[in-house]
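This report refers to the structure that appears directly beneath it.
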Amino acid sequence: NAGVTQTPKFRVLKTGQSMTLLCAQDMNHEYMYWYRQDPGMGLRLIHYSVGEGTTAKGEVPDGYNVSRLKKQNFLLGLESAAPSQTSVYFCASSPSENRVNQETQYFGPGTRLLVL
Amino acid sequence: AQRVTQPEKLLSVFKGAPVELKCNYSYSGSPELFWYVQYSRQRLQLLLRHISRESIKGFTADLNKGETSFHLKKPFAQEEDSAMYYCALTGDYKLSFGAGTTVTVRA
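Taken in order, these protein sequences are the chains called A and B.
Under our numbering, think of the first position of the first sequence as 1, with each following residue one higher.
Under our numbering, think of the first position of the second sequence as 1001, with each following residue one higher.
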């Protein structure tokens, strides 16, 4: 099992450009999440999904969109990148057998995004 | 609203010394708490969760509902414990993370 993988690992964007970050998991997990990690602020939830075809807003959703067309993939889109979106982005997934397992999350390696 | 506070951004200890990472939370319901760890150049991973009452890599954490705390402790720190540690609280399928504490264990 590859677990949770993220593409790309690193990207530089200019202000106003768009891009999509891909998260894939091969553990058949129902729940998937996108976080951003910033110094002094920990991990903040951007969007999450509790199943294929469903998405919901997290703590800091503005400027991002997501899609979960397939159970194994969770895409994070930036339509018009801004310097404030420079961050490390982490994807995570969790199973659904019970509540405790739902909240034990498995993380991807992260994507470093620099917006100039 | 749920919130997790880790008051220490940085923590430096000598090898063999005890280490304690503080975590306080606020949550209106019955909390479930976790500690996650991120070693250098590795992905974030679960260290332990309070419901399991387990000791992982010598670390333990006790949930104190009266003080709303979930401090992480290890009696004898090792150099391989150097990492970023996050306390997290759960509710409605979502985890809320603290800001993290960077631990450096010096020889």
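A virtual CB, placed ideally from N, CA and C, is assigned to each residue, including glycine.
Whole-Å CB distance - residue i paired with residue j, under 8 Å assumed
i                 : j                 : result
Thr104 (chain A)  : Arg1049 (chain B) : 7 Å
Lys1009 (chain B) : Arg1106 (chain B) : Going by Cβ atoms, the distance from Lys1009 (chain B) to Arg1106 (chain B) rounds to 17 Å, so no, they are not a contact pair.
Asn65 (chain A)   : Leu22 (chain A)   : 14 Å between Cβ atoms; not a contact.
Gly118 (chain A)  : His47 (chain A)   : Given that chain A is displayed from residue 1 to residue 116, the structure contains no residue 118 (chain A) and the question cannot be resolved.
Leu69 (chain A)   : Tyr1086 (chain B) : Actually they do not touch by this definition, with Cβ atoms about 30 Å apart.
Leu45 (chain A)   : Lys1094 (chain B) : 6 Å
CB contact flag (residue i, residue j, <8 Å)
i                 : j                 : result
Ala82 (chain A)   : Gly63 (chain A)   : yes
Ala1088 (chain B) : Tyr1036 (chain B) : yes
Leu75 (chain A)   : Ser67 (chain A)   : yes
Val60 (chain A)   : Gln85 (chain A)   : no
Tyr1039 (chain B) : Ala1083 (chain B) : yes
Ser94 (chain A)   : Arg36 (chain A)   : no
Val1019 (chain B) : Lys1074 (chain B) : yes
Met32 (chain A)   : Ser49 (chain A)   : yes
Thr1101 (chain B) : Ser1012 (chain B) : no
Leu1044 (chain B) : Phe1034 (chain B) : no
Leu4 (chain A)    : Tyr89 (chain A)   : Sequence check: residue 4 (chain A) is Val here, not Leu. It is not a contact, given that the beta carbons lie outside the stated cut-off.
Tyr1027 (chain B) : Gln1006 (chain B) : no
Buried versus exposed call for residue i [16 or more other C-beta atoms within 10 Å across all chains shown]
i                 : result
Val12 (chain A)   : exposed
Asp1062 (chain B) : exposed
Lys1065 (chain B) : exposed
Asp1081 (chain B) : buried
Thr7 (chain A)    : exposed
Gln1155 (chain B) : The displayed coordinates of chain B run from 1001 to 1107. Any statement about residue 1155 (chain B) would go beyond what the structure contains.
Ala24 (chain A)   : buried
Phe1059 (chain B) : buried
Ser1096 (chain B) : buried
Glu1032 (chain B) : buried
Thr1090 (chain B) : buried
Gly110 (chain A)  : buried
Gly108 (chain A)  : buried
Okay, do the segment 1013 to 1027 of chain B and the segment 1057 to 1076 of chain B touch, 3+ Cβ pairs below 8 Å being the bar? Between the segment 1013 to 1027 of chain B and the segment 1057 to 1076 of chain B, the count of C-beta pairs closer than 8 Å reaches three or more; the two stretches touch.
Relative to chain A, which residues along the segment 1073 to 1095 of chain B have a C-beta separation below 7 Å, given in chain order? Flagged, chain order: Tyr1086, Thr1090, Tyr1093, Lys1094, Leu1095.
Compile a chain-ordered list of the residues in the segment 14 to 44 of chain A whose CB is closer than 7 Å to at least one CB of chain B. Within the segment 14 to 44 of chain A, the qualifying residues are Tyr31, Gly40, Met41, Gly42, Leu43.
Any C-beta of chain A within less than 9 Å: which residues of the segment 1042 to 1053 of chain B qualify? Those residues of the segment 1042 to 1053 of chain B that come within reach of chain A (Cβ to Cβ, closer than 9 Å) are Gln1042, Arg1043, Leu1044, Gln1045, Leu1046, Arg1049, Ile1051, Ser1052.
Residues within the segment 62 to 96 of chain A neighbouring chain B, beta-carbon criterion of under 7 Å: Residues Phe90.
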